[in-house]
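Start counting the sequence shown at 1130; every next residue gets the next number (the numbering used here). First comes the structure, then the notes that go with it.
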Amino acid sequence: MTARCLVLTMLLVLAAATPAAAQFSDVPGVFPGASSTKAAPSPAMTAKPALAGAAQAASAPSAPAGPPAKQLFGAAKVPAALEARAIGSYARGCLAGARPIATDGPAWQAMRLSRNRNWGHPALVALVERLAVEAKARDGWPGLLLGDMSQPRGGPMLTGHASHQLGLDADIWLTPMPDRKLTTKEREEISATSMLAAGELTVDPRIWTPRHLALIRRAASYPEVERIFVHPGIKQALCKAAGGPANRPWLAKVRPMWGHNFHFHVRIACPKGSQGCEPQKAVTGDDGCGKELEDWFALLKAPPKPGGPPKPPMTLEQLPAACKLVLDAPATTEAVAKGN
Ligand SMILES: [Zn+2]
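Now the structure itself:
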């Protein structure tokens, strides 16, 4: 863990004591610093808040043995030849039977291919494909640039997210897809676009457009989507544009979160048949355009100071037992055929 990640992790732990603490149970996996407006090489390059485990870590009698689970899952290059199943919770689990999303589709292009994080539960792959195609056909969105989904066997990652462990989370850039096929190099190097005005916590009206709203609204319209994470400044823009409270129920799923000004994060529910997938608490139904947003802006303006020691990285034995089977399972036949 870098010093920066460390500090940010501590920041988040402290933040749990603030009025907006309830937000952090969302665990989208992006740290506070990502909310800055400076250019980032990727919208998905973020460190780990890892709040979900904070309480357990505090009460754990001793540090568990074994290498960090992120090293084990980070080393898995191909999926497990098992029936598709999301196992555990969004920030503490793994994925059996992952499918890759195509690097190029009729309405999307996957970015940062070297990361090998374009894997998901088949239900997530289907959802992202549907969103891409429908947003292009109906909202005038030119196509999706896809950021991180999950590793081939899910699990914790060596860098970046605390969540994205079950194959049920996808980061989607807020930069519209260009009207050409990007090269592999471009997919590594192009920076995403922040929606925020320089040095501000609000969106730049020259960059943020009604098409962005339509895209996020469409993502929220699918019943299997349980949460969408966006920067509080984007949530504010959505609230304003949506109009009065009668037009805002869909915004209950759209959760403010640190970072998420270069991309939004779509999270789907535990798919049917995923035994051992732990659902998140349902959103309250409050559209969040009132006090919740005010609390977030207060927090953004006065982030909590870091403090306390970092918790040790999760080990395999801290994940659901089935994740060991996922790690040990043979590769899928497609992967074997490719020589992996
Ligand atoms: Zn994400």
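For each residue, glycine too, the CB sits at the ideal point set by N, CA and C.
Using a Cβ-Cβ cutoff of less than 6 Å, which residues in the same chain neighbour Trp1270 once the five nearest sequence positions on both sides are dropped? Ala1264, Arg1340 and Leu1344
So the candidates are Asp1333, Phe1426, Ala1255 and Thr1313; which of them puts its Cα closest to the Cα of Ala1236? Ala1255
By Cβ distance, which residues of its chain are closer than 6 Å to Asn1247, with the 5 residues on each side in sequence left out? Pro1229, Ile1230, Ala1239 and Met1278
Under 8 Å between the Cβ atoms of Gly1276 and Met1306? no
Minimum length 4: unbroken alpha helix (DSSP H) runs contained in the stretch 1313 to 1401: 1313 to 1318, 1339 to 1350 and 1361 to 1371
Where Gln1294 sits in the DSSP three-state scheme: coil
Whole-angstrom distance between Lys1401 and His1250, CA atom to CA atom: 11 Å
Classify Cys1452 as helix, strand or coil using the three-state DSSP reduction. helix
Cβ-Cβ separation, Ala1381 to Val1412 (assumed contact under 8 Å), whole Å: 5 Å
CA-to-CA distance, His1290 to Ile1301, given in whole angstroms: 14 Å
CB of Arg1347 within 8 Å of CB of Asp1268, strictly: yes
Quick one, which of Ala1458, Pro1281, Asp1457 and Asn1390 has its alpha-carbon nearest Gly1296's? Pro1281
Starting from Gln1280, trace the beta strand (DSSP E) both ways and give me its first and last residue. Unbroken run through Gln1280: none, as it is neither H nor E.
What distance in whole Å lies between the Cβ atoms of Val1257 and Ala1299, which are believed to be in contact at a cut-off of 8 Å? 5 Å
Ligand 1 heavy atoms versus the CB of Asp1268: any closer than 7 Å? no
Lys1314 and Asp1233: beta carbons closer than 8 Å? no
At 3 residues or longer, and completely inside the stretch 1236 to 1274: list those beta strand (DSSP E) runs for me, N to C. 1237 to 1239
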